[in-house]
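Per numbering that gives the first Met the number 0, residue 0 is the first one in the sequence shown, and the count goes up by one each step. Note that CB positions come from ideal geometry on N, CA and C, so glycine has one too. Contents: one structure, followed by commentary.
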Amino acid sequence: MTTPCFCIYLRQAARKISNIYDEALAPLGINVAQFSTLRKIRRAGSISLSELARLSELDRSTMGRNTKVLQRMGLIEHVASDDHRETNLTLTTEGRNLAERGAPSGTGRRKKSKHGWAGMARNNCSRSCAGLTVNNERRPHTVA
Numbered sequence: 000m001t002t003p004c005f006c007i008y009l010r011q012a013a014r015k016i017s018n019i020y021d022e023a024l025a026p027l028g029i030n031v032a033q034f035s036t037l038r039k040i041r042r043a044g045s046i047s048l049s050e051l052a053r054l055s056e057l058d059r060s061t062m063g064r065n066t067k068v069l070q071r072m073g074l075i076e077h078v079a080s081d082d083h084r085e086t087n088l089t090l091t092t093e094g095r096n097l098a099e100r101g102a103p104s105g106t107g108r109r110k111k112s113k114h115g116w117a118g119m120a121r122n123n124c125s126r127s128c129a130g131l132t133v134n135n136e137r138r139p140h141t142v143a
């Protein structure tokens, strides 16, 4: 008998939940990854690309490509930082409106995904996943 791989199950669950959110956000023309980026920028008000990448657990070049798409869509813009060494990202008016309009869609999808987790303690799962993302230190390990 084989031992189930928690990593594989978690990745499959994450993809399914992402698909639920992508479906809900489709009428707005964005996906859940883009929505998450908009929300992070909204919370910060103004944020450097490096800091946004760090918060998103992505490398800077990947976040740069992702934000260029949002910039072409007219949802974010670059502004000079206080020290003028780096530019910061801020939401445009359209980006702020979209981040606000997307929130209710996400709430409806949370209800849908909650019902699909029959018997699972959703709050425990949320706390466990949040705990995993808090520690930014990457530790090598062996897979049994």
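Taking the Cβ atoms as the reference, Gly28 lies roughly 20 angstroms from Thr89, outside the contact range of under 8 angstroms.
Closest by C-alpha distance to Asp81, out of Ser47, Ile75 and Thr66, is Ser47.
For Glu85, no beta strand (DSSP E) run applies, since DSSP gives it neither H nor E.
By a beta-carbon distance limit of 8 angstroms, Ser49 does not contact Lys39. Their separation comes to about 13 angstroms. In the same chain as Gly63, and ignoring 5 residues on each side of it, the C-beta atoms closer than 7 angstroms to its own belong to Leu48, in chain order. DSSP places Ser55 in the helix class (H, G or I) of the three-state scheme. Within its own chain, the residues whose Cβ lies closer than 7 angstroms to the Cβ of Asn30, once the five positions on either side in sequence are excluded, are Asp21 and Leu24, listed in chain order. In the DSSP annotation of this structure, the continuous segment of the beta strand (DSSP E) that includes Ile75 starts and ends at Ile75 to Ala79. Between the alpha carbons of Met72 and Arg59 lies a distance of about 20 angstroms. Cβ-Cβ distances below 7 angstroms link Ala98 to Leu37, Arg38, Arg41 and Leu90 in the same chain, with the five nearest sequence neighbours on each side left out; the list follows chain order.
Distances from the CA of Gly101 to each of Cys6, Phe5 and Phe34 were compared; the closest alpha carbon is that of Phe34. If you look at Cys6, you'll find it in the alpha helix (DSSP H) that goes Phe5 to Leu24.
For Thr36, the enclosing alpha helix (DSSP H) begins and ends at Val31 to Ala43.
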